[in-house]
Structures are given as C-alpha cells and as structure tokens.
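As structure tokens, the structure follows; a few thoughts come after it.
Number of protein chains: 2
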Amino acid sequence: MKVDIAKDTTAAAIAQLWDQFSTLGRSSEAVYLTLREAILSRALEPGSQYSEEDLSGMLGLSRTPIREACLRLVADHLMVRRGRRLAISEISHEEVLEIYDVRAVLDGLAARQAAIQATPPEIAQLRWLLEQMSRSVASGNTAESFKLNHEFHDYLAYASHNSFLQVQVRTVQDRVRRFPTTTFEYQGRPQTILQEHAAIVDAIESKDPEGADAAAVDHIASSRLIRLKMLPEST
Amino acid sequence: MKVDIAKDTTAAAIAQLWDQFSTLGRSSEAVYLTLREAILSRALEPGSQYSEEDLSGMLGLSRTPIREACLRLVADHLMVRRGRRLAISEISHEEVLEIYDVRAVLDGLAARQAAIQATPPEIAQLRWLLEQMSRSVASGNTAESFKLNHEFHDYLAYASHNSFLQVQVRTVQDRVRRFPTTTFEYQGRPQTILQEHAAIVDAIESKDPEGADAAAVDHIASSRLIRLKMLPEST
DNA sequence: GTACTATGCACCGTATACAGTGTGTTCAGA
DNA sequence: TCTGAACACACTGTATACGGTGCATAGTAC
Chain A
1 MKVDIAKDTT
11 AAAIAQLWDQ
21 FSTLGRSSEA
31 VYLTLREAIL
41 SRALEPGSQY
51 SEEDLSGMLG
61 LSRTPIREAC
71 LRLVADHLMV
81 RRGRRLAISE
91 ISHEEVLEIY
101 DVRAVLDGLA
111 ARQAAIQATP
121 PEIAQLRWLL
131 EQMSRSVASG
141 NTAESFKLNH
151 EFHDYLAYAS
161 HNSFLQVQVR
171 TVQDRVRRFP
181 TTTFEYQGRP
191 QTILQEHAAI
201 VDAIESKDPE
211 GADAAAVDHI
221 ASSRLIRLKM
231 LPEST
Chain B
1 MKVDIAKDTT
11 AAAIAQLWDQ
21 FSTLGRSSEA
31 VYLTLREAIL
41 SRALEPGSQY
51 SEEDLSGMLG
61 LSRTPIREAC
71 LRLVADHLMV
81 RRGRRLAISE
91 ISHEEVLEIY
101 DVRAVLDGLA
111 ARQAAIQATP
121 PEIAQLRWLL
131 EQMSRSVASG
141 NTAESFKLNH
151 EFHDYLAYAS
161 HNSFLQVQVR
171 TVQDRVRRFP
181 TTTFEYQGRP
191 QTILQEHAAI
201 VDAIESKDPE
211 GADAAAVDHI
221 ASSRLIRLKM
231 LPEST
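Chains as they are written, first to last, in the numbering used here: chain A, 1 to 235; chain B, 1 to 235.
Below, the structure written as structure tokens:
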C-alpha cells in the first residue's frame, strides 16, 4: 500500500532525527526539536494529521512530553489543532508573499543597524560567509548554498546588535524554510543573490546605513519577485 | 508582614482575572490567559518567582494545566525558567529601545500597505478610533487613551491586509505593554500622539504609501525619544 | 572558625489513570 | 435505499503518582 510506505519513510526520517536529539536531558525538549526539524525539513508533510497517541507511539514515549512539544509547535504556528487532531500547518501562496514584505523591512533594519553598529571582525565574518557561499554556488551545491544563505541573514541580524530584531528575523527565516521550493532553484538566481549580498556588505563596510537598508530591501524584493514567478509551478 | 500583604494583593488580582477567564472550555487555556493578563498588567511583578505548585495552589488546579500554560508563556518570553523556578521575565532599558526600532519599521510597513490596501470603511474606522482617542485625551483618561492607542496600531496592521504582519505587530505591542510606564504620562505627549496618528491616517486616505510609511516611522521614533527621556526615572 | 561532605527535602519530568466529549458506524424504520 | 438515532470507541484534558535530581542545611573534621 502506498500510504503505508509513505508512513514508513516518514517514521524512519523521524527516528533518525530522534536519535540525533534524544540524548538531550528533557525528552519533551528532544521531542520538540525532533518534530520541529521534521516539519521544517518537510519530513512531516504539511496537512498530514496525527493524534497525540500516533506521535507518542512513533517515539516510544508517553503522551505527556508529546503534548508539551506539540503545544510549543502550535505556538510556533508549525502545527495547528484541527478538530481533535494535530495537523502540520500548511503555508499558502498569499502567506508567502506577506512574509516577504515583512522580511524586507526587518532585513533592511538589520542591514541599516549593522552599518552603524557592526565591528570590523563582524564585517570580516560577513565577507567570509560571502566567500563560502560563492564557493558553494560555484560547485552547484544547492542545499549548502541554501544553508549559507540563512547563515548570512542570521549573521546580518546578529551584526545589527539588536537581539529583539535577531529573534524576529529568525522567526521569519523559519517560515521561509517551510516553503516547498527555494529560490536557489531558479535559473541564475544564486549568482544574483551573491551580487546582492555583496552589495549589502559593501554598504555596511562603508558605513552607509541608507545604502545598506536599500540594498537589503532590494535583495528581498528581488527574492519575492522570483518567488512570485515560481509559485504557480509549486504546490 | 509586608511580603505577605503583597502576596495577598497579587493573589487577589489573579483570582479576579481567573474568574474572568475560567469559564472557557479548557482550563489550561484559561490559565494561560489569566497569567498572561496578570503579567501584562503587572499584577505579577517582573522578577518574582514561583514554583509550579505555587501557581497550581493559587488557581486550585493540578500542575498539568499550569505546566501547559507556563510552557506557552515561556515561548512568549513572558516567563523564563530560572533554575527550577518560573520567573516573570524582566525587560531591560536596552530591550525597550531595541523594540522601538523594530516597531518603527513594522508600523511603517503597516501604514504603507494600508495606504495601498485599506478600504474606505477601514479608513473610516481609523478616523473613528482617532476621534475616540481625541475625546479620551481631552478628558484626561490615560488608561483609556493607552488602550485606544493600542487599538489604533492594531487596526492599522489589520488595514494593511497582511495577516503575518498583523501577528508580528501584536507581538511587539504585547512587549510594549510590559514597560513600567507609558509615554502617555509624559507632559504634552498625548496631544502630539493625536497629531501624529492623524498624519498617518491622512497619508493613508490620500493613498500616499511613502508618506504613510514616513509618518508612522516618525511617530514611533518620536515615541522612542520620549521613552529615552523617561527611562532614567523608571525602574 | 571555616570548609567540605552527607543527608534530607522540595520540586521537576514523565508515566499512568480516569472522566468527559465528540465522532463514526451500524441498525432500524420509513 | 436512504436517513436518523443510538451506542460504542477513540481521543483529549486533567489529576495523581512516582522516580530522580539538585539544592540547602547541618554536622563534622581540619
């Protein structure tokens, strides 16, 4: 049966993540990290539904730590309660575009503040991440590039020296990770991203807040545009 | 004993909130709403610590629904685990200013999008909120003005037609509510706020996204400045 | 007198049990 | 054959019980 095979593969993926996290102290924390990663990596399909017992059966625990983990996942909007089942939350086309609009202003602020606050070592780190990604793109490693892209944006928020902003940026990043496709898959996009990232770092290095802000906003706006073109072909 | 009196008054305040929310179906949800409101209204003092049993004793429930509520409160950053106790999280001066920076760009985006997306009835509602606040300020009702101010900003986010942004704005609003003082208490500030709100609505009504954005950013920047002046005198 | 160790208590994390509710299925009647 | 009602089962929400860990305090030894 097709359904059973699919269930087996997801169960296997979850078991693997579980091995990775279960060494941590509290098992409720481990469950949270496991399920979170399973959802973000799309091992658990959006829209699929589970009862608390399903999940506790999968991980060999009682319902209590599962409940606690799911409670946090619901708070993160990664799961939703549908009737009396727990569903992996889906993300709509509309939401994708909405998120990009918010992401643009947050990343803009991060870049702006980084241009004012970033220390020379932090700027050096941004340059280093840029180089890493350049190498990764050259070798055509999409997954690696995707990861480095996230690291770049994370570090940009870090360099802004605004911890609240950092948390907000990370929230948004996690949402972006849930999209079914990445803009890296779009023809020529990785190269453009590299140029746009470089423009942001250049503006930061020359202590130009306005320029950095504009460069970051442009970058996200350009990503949004690619996303808009990609949307029809993705589910 | 002074400590006991303080504990009695907080217990009384919580009992009152509990009466208000306990009618809801799940008691874990009711506990969450009760404690959340208690923290935001400063009935539970920042920095004060409780064990799970303390709280379950207060509300006459077992630890289970308390744990679930606290888990969500920790996720909201309203509580933090300190060792094995639950502490009401404190907010630092630095964090206050950081939040204002983020709030500026989010409200700016909300105003910008509202200028593009808001329908005539929505604009009318903004005008109505403006009038209500004008009346409230004239009568010197600070608490009411404070509440209407929040409603204005909430509705601004709603009128942006971006539900993700709406959630983000609300997150930030909740943080602002936790500050020990409000900028409304600053001499002449309520009148200025009214003018600044009016400027935002004017720009939205004349379909001027740039103007609306700038007006909102200016508004928050001006609030931030007042906050900066007020900070030394608040704990 | 001070420092270190041991013992006891308090509290957390997890499991399990139980009650209540909602849903699905089956049977009967029209 | 279709519809409605009733019963049963499954799953959630809350309570309670238990094992383990960490901290505090007290006592003893140096």
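Glycine is no exception: its CB is placed at the ideal position from the N, C-alpha and C atoms.
So which residues on chain B does residue i lean against when the C-beta distance must stay under 8 Å?
i	result
A/Q117	What A/Q117 touches in chain B: nothing, since even the nearest Cβ is about 11 Å away.
A/V102	L106, L109, N162, F164, L165, Q168
For a contact defined as C-beta to C-beta under 7 Å, what are the partners of residue i on chain B?
i	result
A/F146	Chain B residues near A/F146: none, gap ~21 Å exceeds 7 Å.
A/E95	F164
Can you find a CB in chain B that lies within less than 8 Å of the CB of residue i?
i	result
A/E52	no
A/L35	no
A/V80	no
A/Q168	yes
Given residue i, which residues of its chain have a CB within under 8 Å of its CB, disregarding the five upstream and five downstream residues?
i	result
A/V172	I99, V102, R103, L106
B/R135	none
A/T64	S28
B/Q191	V137
B/E144	S136
B/L61	S27, V31
Could you tell me which chain A residues have their CB closer than 7 Å to the CB of residue i, listed as they occur along the chain?
i	result
B/S239	Residue 239 of chain B is absent from the structure shown; chain B starts at 1 and stops at 235.
Does the distance from the CB of residue i to the CB of residue j come in under 8 Å?
i	j	result
A/C70	A/E90	no
B/L33	B/F21	yes
A/H219	A/E205	no
B/P38	B/A75	According to the sequence as given, residue 38 of chain B is Ala; it is not Pro. The answer is no: Cβ separation not under 8 Å.
B/E185	B/T119	no
B/T9	B/L44	no
A/Q49	A/R82	yes
B/I66	B/L73	no
A/A212	A/A221	no
B/I88	B/P121	no
B/I116	B/P209	yes
B/A93	B/L194	In the sequence as presented, Ala is not what sits at residue 93 of chain B; that position holds His. Contact flag unset, no.
I'd like to know whether the C-beta of residue i is nearer than 8 Å to at least one C-beta of chain A.
i	result
B/R189	no
B/V176	no
B/G108	yes
B/A75	yes
B/V217	no
B/M1	Bear in mind that the predicted position of B/M1 carries a pLDDT of just 36, short of 50, making it unreliable; the figure below should be weighed with that in mind. By this cut-off, B/M1 is not an interface position.
Output, in chain order, the set of chain A residues within a Cβ distance shorter than 9 Å of residue i.
i	result
B/E68	R67, E68, L71
Who are the Cβ neighbours of residue i in its own chain at under 7 Å, not counting the five residues just before and after it?
i	result
B/L127	The question names Leu, but residue 127 of chain B in the sequence shown is Arg. Only V201 meet the Cβ criterion.
A/I5	At A/I5 the pLDDT is 44, less than 50, meaning the model places this residue with poor confidence; the figure from the coordinates comes in the next sentence. There are no such residues.
A/F179	I91, V96
A/E268	Chain A is shown only over 1 to 235; residue 268 of chain A falls outside these bounds and no answer can be derived.
B/W18	T34, L59
B/N162	Q113
B/S223	Y100, T183
So, under 8 Å CB-CB, residue i and residue j are touching, yes? Tell me the CB distance rounded to an integer number of Å.
i	j	result
A/L291	A/R36	Outside the shown range of chain A, which is 1 to 235, sits residue 291 of chain A, and nothing can be said about it.
A/A159	A/A114	4 Å
A/M133	A/L148	4 Å
A/V96	A/R227	6 Å
B/T181	B/R189	Between B/R189 and B/T181 the Cβ distance is about 11 Å, and since that is not below 8 Å, they are no contact.
A/A110	A/V167	Rounded, the Cβ-Cβ distance is 12 Å, inconsistent with contact.
B/L24	B/A30	5 Å
B/A216	B/G108	5 Å
Under 8 Å between beta-carbons, which chain A residues line up against residue i? List them in chain order, please.
i	result
B/V105	V105, L106, G108, L109
Counting only the same chain and skipping the five closest in sequence on each side, list residues whose C-beta sits under 6 Å from that of residue i.
i	result
A/D174	none
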